[in-house]
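S.K.:
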Amino acid sequence: GAGVSQTPSNKVTEKGKYVELRCDPISGHTALYWYRQSLGQGPEFLIYFQGTGAADDSGLPNDRFFAVRPEGSVSTLKIQRTERGDSAVYLCASSYGTGPTYEQYFGPGTRLTVT
Amino acid sequence: AQKITQTQPGMFVQEKEAVTLDCTYDTSDQSYGLFWYKQPSSGEMIFLIYQGSYDEQNATEGRYSLNFQKARKSANLVISASQLGDSAMYFCAMLPPGGANSKLTFGKGITLSVRP
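Chains Z and E, in that order, are what the protein sequence lines are. Using our numbering, you'd call the opening residue of the first sequence number 2 and step up by one each time. Using our numbering, you'd call the opening residue of the second sequence number 3 and step up by one each time.
1) Out of Z/R37, Z/G110, Z/Q38 and Z/V75, which one is the CA nearest neighbour of Z/T53?
2) Indicate whether E/I112 and E/L23 have their beta-carbon atoms separated by less than 8 Å.
3) Relative to the ligand ATP, is the shortest distance from any of its heavy atoms to the C-beta of Z/C93 smaller than 7 Å?
4) Could you tell me which of E/Y52, E/Q8, E/Q85 and E/G35 sits nearest to E/A20, measuring between CA atoms?
5) Could you name the residues of the segment 51-84 of chain Z whose beta carbon sits closer than 8 Å to any beta carbon of chain E, in the order they occur along the chain?
6) With a threshold of 6 Å on Cβ separation, who are the neighbours of Z/T77 within its own chain once the five nearest residues in sequence on each side are excluded?
7) Could one say the Cβ of E/F14 lies closer than 8 Å to chain Z's Cβ atoms, at least one of them?
8) For chain Z, check one thing: does any of its Cβ atoms lie closer than 8 Å to the Cβ of E/L106?
9) Helix, strand or coil: how does DSSP classify E/G35 here?
10) For E/T107 versus E/Q10, is the C-beta distance shorter than 8 Å?
11) Using the Cα positions of Z/S10 and Z/D57, report the straight-line distance between them to the nearest angstrom.
12) Could you compute how far the alpha carbon of Z/Y36 sits from the alpha carbon of Z/E45?
13) Using CA coordinates, which residue listed in E/Q8, E/Q53, E/C94 and E/K110 is at the minimum distance from E/K72?
14) Counting only Cβ-Cβ distances shorter than 7 Å, please list the residues of the segment 77-92 of chain E near chain Z, keeping chain order.
15) Using a cut-off of 7 Å between C-beta atoms, extract the partners of E/L97 located in chain B.
16) Is Z/R37 helix, strand or coil when you go by DSSP?
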């Protein structure tokens, strides 16, 4: 079946602009996660959804970052007033939310560059 | 809080040989899960193997095995019969109690290069 998809694959924006990054999880997965990966680092947690609600947003760096999942499927990560430090690869993952391993399946990521 | 440590510099292995990638972790939880992911240059994180903290046997998945030493808090990945396609970044990660209601904590990763 189809895996996790993310659009766009690359986004270049100017400092101060607003961007939206989209994640389409695997069908049937109730849990959805956003991570951010800076160059040379491992992914860092941003926010987690179970269904439509954000169950844990403790990783969002500040109030410029916001994410929604209105129908419990597709999620959008929104960044206002982008800064050069926001440049990174934004990874989305989904899982069934139950099961013995809770494996998270990752998408290919969106590479965000703020100039 | 959970912490994953991957300190090896870039690793090199000859094709068809075995290689061990090190991972140590720190947690005060008794129940947790350990994962290894592969990230090729394309950027996608590919799940390789999982070990539960209460699993008595080391996990194996094809050419991948996890050398789990709970007392030493280590979870090393062993890749047997390396292939050129194994060249990638490898990340060790931990999932605390709560399973799917929890976030993965990743290490910084190790670069593996397979030589022909």
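Where is the CB? At the ideal position from N, CA and C, for every residue including glycine. Model, not experiment: these values are computed from the prediction.
M.R.: According to the data block:
1) Walking along the first sequence from the start, residue 53 of chain Z turns up at place 52. When only C-alpha atoms are compared, the closest one is Z/V75.
2) As a first step, residue 112 of chain E must be located in the second sequence, where it is residue number 110. As a first step, residue 23 of chain E must be located in the second sequence, where it is residue number 21. Cβ distance < 8 Å, so E/I112 and E/L23 count as in contact.
3) You won't find the ligand ATP in this model; it holds no ligand whatsoever.
4) Translated into the one-based positions of the second sequence, residue 20 of chain E becomes position 18. Nearest C-alpha to E/A20: E/Q85.
5) Q51, A56, D57 and G60
6) Locating residue 77 of chain Z in the first sequence gives position 76, where the first residue counts as 1. Excluding residues within five positions, the ones whose Cβ falls inside 6 Å are E21, R23 and V69.
7) Your numbering for residue 14 of chain E matches position 12 in the second sequence. Taking 8 Å as the CB threshold, E/F14 stays off the interface with chain Z.
8) Numbered from 1 along the second sequence, position 104 holds the residue referred to as residue 106 of chain E. With 8 Å as the cut-off, E/L106 counts as an interface residue toward chain Z.
9) Position 33 of the second sequence, counting from 1, holds the residue named residue 35 of chain E. Strand at E/G35.
10) Position 105 of the second sequence holds residue 107 of chain E. Position 8 of the second sequence holds residue 10 of chain E. No; because the gap between Cβ atoms is not below 8 Å, this pair is not in contact.
11) As a first step, residue 10 of chain Z is located in the first sequence; it is residue number 9 there, counting from the start. As a first step, residue 57 of chain Z is located in the first sequence; it is residue number 56 there, counting from the start. CA-CA distance, Z/S10 to Z/D57, rounds to 25 Å.
12) Start at 1 with the first residue of the first sequence, and residue 36 of chain Z comes out as number 35. Start at 1 with the first residue of the first sequence, and residue 45 of chain Z comes out as number 44. Straight-line measurement puts the Cα of Z/E45 at about 5 Å from the Cα of Z/Y36.
13) Residue mapping note: residue 72 of chain E aligns to position 70 of the second sequence, counting from 1. It is E/Q53.
14) Under the 7 Å Cβ criterion, the segment 77-92 of chain E contributes no residue.
15) Judged by its chain identifiers, the structure shown contains no chain B, and its protein chains are Z and E.
16) Your numbering for residue 37 of chain Z matches position 36 in the first sequence. Reduced to three states, the DSSP call for Z/R37 is strand.
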